[in-house]
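Read the structure below first, then the notes.
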Amino acid sequence: MDFAIPEEILEFKRSVKTFAEKEIRPSTEERDLHSKWDHSLWKKIGEMGLLGLSIPEEYGGQGASCLMTCVGHEAFAEGSSDGGLTLALGAHAIIGAMPIVLCGTEEQKKKYLPKIATGEWIAGLGLTEPSSGSDAAGSMETRAVKKGNKYIVNGSKMFITNGPIGDVFIVMAVTDKAKGAMGISVFIVEKNFPGFSVGKKLNKLGMRTSTTSELIFQDMEVPEENLLTKENSGFARVGRATLEWERTVLVAASLGTMQSLIEAGVRYAKQRIQFGEPIIRFQAIQEKIARCRMKLDAARLLIYKSAVKKDKGESAPLESSIAKLYATESSVEVAYDIGQIFGGYSFIHEYPVERAYRDARLGTLGAGTSEVMRSIIAANWSESGK
Amino acid sequence: MNFEPTEEEREFLENFRKFCSREIAPHAKEIEKKGEVPLSHFRKLSEVGYNGLLHEEKFGGSNSSYLLATLAQEILAEHCGATFFSVGASLGIFASPIREYGTEEQKRKFLPPVIRGEKIGALGVTEPDAGSDVTRLKAIAKKKGDQIILNGQKTFITNAPVCDFAVILVNFESEEKNIGQTCFIVETTRKGIARGKPMDKMGLRGSPTGELFFEDVKLTEDDILGRPGKGFKIIMEAFNRERLGLGAYSVGVMAACLTESRKYSKERKAFGRPIGKHQSVAFMLADMLTKYEASRCLLHETAWMMDKFSKEKKNKPEHNGYPVDLTAKTATVKLLASTYAREVTNLAVQIHGGAGYMNEYKVARLYRDIKIAEIGGGTSEILKQIIAHSETKRVK
């Protein structure tokens with residue numbers, strides 16, 4: 054065993070954190086309040102190399118390992134105090150790009166990855182639908198029918214991060230209803246394909262600095278060369294590979310948020326005086342700090358463990374689900390506990406803990422709810438074997 | 105980064121697991137009834153190399169790593185908590201302060217027989233009126249000329265009813281001045297040392313616990329462990345190691361709960377299917393595994409850090425960008441693992457339903473056995489203070 058993160062990754066972590074503190078952090082409150090997308094920040098994130106972090110170098114990315122990508126997202130969240138923008142980054146660089154990296158043909162990679170890596174094109178993923186959430190495969194209504202050398206797609210996708218601003222989306226659609234999950238195909242969809250449109254921007258509880266909308270397909274024409282992997286094999290292959298990355302890397306952002314929240318809580322408790330002394334001297338406050346710290350320490354290791362397994366080229370359904378369940382539930386608890394330390398101020402917009410509390414709520418819902426994670430863990434462990 | 109043990113470690117652990125399921129687990133119930141871990145267990149564990157893992161070769165050990173010792177401790181705890189505790193008190197909290205601070209003579213005298221499993225050691229710190237607040241100790245050794253006379257009592261001592269030796273922390277003063285809290289090593293056969301009868305406990309009933317009484321016990325300078333007046337530091341360091349061990353104990357208990365509950369959830373049927381197929385049970389199992397994994401990762405990282413940093417005298421070492429504070433780290437792992445283990449044993453009993461309330465089932469014992477992990481070696485309340493204090497110092 055070796056629990057040391059390689060020095061070059063630590064170096065990278067420091068530089069990303071400093072970048073995010075300097076370039077992103079100053080406007081986070083303002084963008085959150087007005088749910089504003091600032092494209093100039095996106096360009097800077099691209100220049101920093103974060104938009105193609107895990108895309109291989111030959112396609113214009115940084116070729117970072119899953120572990121390094123996790124640490125990058127963690128540092129970005131910590132420095133920026135901006136869960137929404139970190140989410141937009143994850144939707145683009147992980148669930149938007151990784152299906153092409155992991156499952157794309159050489160032509161598909163050459164065509165899309167360089168543009169995604171620089172951020173010239175913004176990417177996203179469409180799996181959820183208005184009537185299909187946890188039961189993604191079973192309830193999927195979006196259909197794709199082959200006509201000549203095109204697929205005609207009808208239906209819609211819901212809660213799509215980067216929907217309003219995205220240029221290219223990975224979209225799942227049913228091609229053979231009778232086969233259930235084995236009858237779903239995956240397509241690379243460009244926003245200018247005939248029949249593609251975007252619903253109105255959704256007004257969210259948290260993650261407000263990211264943009265979210267529905268994607269609507271009306272007889273949308275997708276060229277057959279934009280089919281990702283084989284027909285009907287999409288959900289199993291693309292879904293599994295991508296979701297493990299998502300449940301590892303996107304959740305790594307929560308580590309950075311927890312780190313900055315705990316430090317903010319400690320700083321505040323040291324200077325806030327009540328009953329004649331700094332509140333950090335009260336056991337009720339110390340207890341919260343300790344509990345938050347212990348959850349963060351454990352969450353961090355679970356995520357890194359999942360990432361290290363991915364880097365060995367192994368599948369990690371159990372590890373990534375455990376990491377996702379634990380880290381996201383812990384984030385909600387940490388935001389709550391640190392909020393208690395800030396008292397009434399935690400209810401006021403100017404304080405980062407107010408935003409973090411709202412942002413953290415998404416963690417247990419997106420990329421598979423906590424309940425879905427528990428189902429996966431049970432299916433992969435307690436219900437399996439003899 | 106790498107979360108897997110080496111091939112060599114894996115082999116040792118596999119063999120140790122086989123040994124525990126063959127030699128230790130079958131006796132767990134009987135040990136609980138008798139209230140004593142047989143000396144043969146100490147000897148057998150010595151033969152398979154468990155006792156000496158953290159001790160020097162010249163005293164019969166293998167000078168291995170905290171990591172390997174921790175991994176082995178998990179396995180022993182999984183098979184029999186009482187054996188883990190009694191052997192741990194002897195080889196860990198009794199022998200480890202001697203390993204760290206003993207003179208060559210003390211080491212030669214006390215370590216080999218304990219490592220061979222022929223003699224049993226114990227550590228005495230807690231007193232009837234001094235638990236978390238160690239400053240309130242009353243036991244006192246008074247120096248008069250060449251003679252030191254000890255009076256007082258120690259309580260809640262694992263192995264007290266059976267131990268041959270004990271390390272104790274007591275106040276120490278000469279005629280002129282108060283020297284401060286000091287550690288002594290004593291043989292329990294000395295005149296003036298008496299034991300109370302074994303205490304009747306909620307759990308870990310197989311590991312005997314009791315009091316030691318000292319009445320005008322004659323000590324000499326040779327009985328002092330480490331430097332006079334520096335006993336508190338020796339004990340605090342021993343607590344760091346004990347907390348790592350209690351983390352391993354908690355993880356081992358969780359492992360046993362997982363095995364028992366997974367098996368039961370497949371066998372037991374309700375409403376036409378195995379109960380594990382019902383969401384309420386499946387989700388309990390998922391939560392149990394998640395808490396086990398979280399604790400295990402943190403435990404292994406902490407053990408690895410003990411190997412890397414406990415000897416390092418370098419100024420302000422860092423681990424992954426954060427300053428190393430082993431006291432806070434071992435406190436964190438014990439707090440996390442013991443909290444989760446208590447929750448996990450509760451879920452394990454819940455999954456077993458009425459059967460889980462019957463002592464015939466292993467989970468009933470685990471449920472009682474785990475509670476001590478939140479109390480011994482520093483209560484959760486003390487640990488939270490330690491962690492918060494460390495964070496307060498770190499965050500400027």
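These protein sequence lines map, in sequence, to chains P and C. Sequential numbering from 54 applies to the first sequence in this note's numbering. Sequential numbering from 105 applies to the second sequence in this note's numbering. Note that CB positions come from ideal geometry on N, CA and C, so glycine has one too.
Check                                                                                                                                                                   : Outcome
For Val-453 (chain C) and Ala-306 (chain P), I'd like the C-alpha separation in whole angstroms.                                                                        : 36 Å
Identify whether Thr-295 (chain P) lies in helix, strand or coil by the three-state DSSP scheme.                                                                        : helix
Is DSSP giving Ile-224 (chain C) helix, strand or coil here?                                                                                                            : coil
Could you tell me which chain C residues have their CB closer than 7 Å to the CB of Asp-55 (chain P), listed as they occur along the chain?                             : Met-105 and Asn-106
May I ask you to report which of helix, strand or coil DSSP gives Lys-254 (chain P)?                                                                                    : coil
Name the chain P residues that come within less than 8 Å of Arg-366 (chain C), Cβ to Cβ?                                                                                : Trp-434 and Ser-435
For a minimum of 4 consecutive residues, which ranges assigned as the alpha helix (DSSP H) are wholly contained in the region 308-348 of chain P?                       : none
Please name the residue in P:Ile-429, P:Ser-184 and P:Val-224 whose C-alpha comes closest to that of Leu-281 (chain P).                                                 : P:Val-224
Find the residues of chain P that neighbour Asn-167 (chain C), judging by a C-beta separation of less than 9 Å, and give them in chain order.                           : Those do not exist, as Asn-167 (chain C) stays about 18 Å from chain P at its closest Cβ, beyond 9 Å.
Going by alpha carbons, who is nearest to Ser-134 (chain P) out of P:Gly-329, P:Ser-383, P:Arg-261 and P:Ser-368?                                                       : P:Arg-261
Would you say Leu-355 (chain P) lies against chain C (beta-carbon separation less than 9 Å)?                                                                            : yes
Any chance you could list the beta strand (DSSP E) runs of at least 3 consecutive residues sitting entirely within the region 152-238 of chain C, in chain order?       : 225-228
Quick check: the Cα distance between Ile-218 (chain P) and Ile-429 (chain P), rounded to an integer number of angstroms?                                                : 32 Å
Closest Cβ-Cβ distance between Phe-397 (chain C) and chain P: below 9 Å?                                                                                                : Checking the sequence shown, residue 397 (chain C) turns out to be Glu, not Phe. Yes, Glu-397 (chain C) counts as interfacial toward chain P.
Distance cutoff 9 Å, beta carbons only. Does Gln-339 (chain P) sit that close to anything in chain A?                                                                   : In the structure shown, chain A does not exist; the protein chains are P and C.
Return helix, strand or coil for Phe-336 (chain C), following the three-state DSSP convention.                                                                          : helix
Taking Cβ positions only, does Pro-421 (chain C) come closer than 9 Å to chain P?                                                                                       : no
Under 6 Å Cβ to Cβ from Gly-132 (chain P), same chain only, skipping five residues before and after it: list those, please.                                             : Lys-70, Ala-73 and Glu-74
Smallest Cα separation from Glu-440 (chain P): which of P:Gln-393, P:Glu-76, P:Cys-123 and P:Val-221?                                                                   : Residue 440 (chain P) cannot be examined here, being either before or after the span of chain P that is shown, 54 to 439.
Answer with buried or exposed for Tyr-321 (chain P), where buried requires no fewer than 16 other C-beta atoms within 10 angstroms of its C-beta.                       : buried
Thinking C-alpha only, which one of C:Glu-108, C:Arg-299 and C:Ala-176 is nearest Cys-124 (chain C)?                                                                    : C:Ala-176
List the endpoints of the continuous alpha helix (DSSP H) containing Gln-271 (chain P).                                                                                 : Here Gln-271 (chain P) belongs to no alpha helix (DSSP H); instead the beta strand (DSSP E) covers 265-276.
Let me make sure I understand the geometry here. Which of P:Ala-128, P:His-145 and P:Arg-78 has the alpha-carbon closest to that of Ser-107 (chain P)?                  : P:His-145
Just the C-alpha distance for Phe-120 (chain C) and Leu-308 (chain C), rounded to the nearest angstrom, thanks.                                                         : 22 Å
Measure from the alpha carbon of Lys-244 (chain P) to the alpha carbon of each residue in P:Thr-228, P:Glu-267 and P:Leu-255, then state which is nearest.              : P:Glu-267
Show which residues of chain P have a CB atom less than 7 Å away from the CB atom of Glu-405 (chain C).                                                                 : Phe-56 and Leu-354
If you count every other CB in all the chains shown that lies within 10 Å of the CB of Val-304 (chain P), and 16 or more means buried, which is it?                     : buried
Counting only beta-carbon separations shorter than 9 Å, does Asp-304 (chain C) have a partner in chain P?                                                               : no
Expressed to the nearest angstrom, what Euclidean distance is found between the alpha-carbon atoms of Pro-370 (chain P) and Lys-362 (chain P)?                          : 10 Å
Along chain C, in chain order, which residues have C-beta atoms closer than 8 Å to that of Val-302 (chain P)?                                                           : Within 8 Å Cβ-Cβ: nothing; Val-302 (chain P) doesn't reach chain C, min ~15 Å.
Can you look up Phe-400 (chain P) in the DSSP assignment and give me helix, strand or coil?                                                                             : helix
Tell me whether Phe-387 (chain C), by its Cβ, gets closer than 8 Å to a heavy atom of the ligand ZN.                                                                    : The model on display carries no ligand, and the ligand ZN is accordingly not part of it.
Quick one: Cα of Leu-439 (chain C) to Cα of Tyr-357 (chain P), how far?                                                                                                 : 21 Å
Is the shortest distance between the beta-carbon of Pro-247 (chain P) and the beta-carbons of chain C less than 9 Å?                                                    : no
Suppose the cutoff is 7 Å on Cβ atoms and the five residues either side in sequence are ignored; what does the same chain contact list for Ile-179 (chain C) look like? : Leu-117, Phe-120, Arg-121, Cys-124 and Gly-356
Check the Cβ-Cβ distances between Met-45 (chain C) and every residue of chain P, and say whether any is below 9 Å.                                                      : Residue 45 (chain C) lies beyond the range of chain C shown here (105 to 500); nothing can be said about it.
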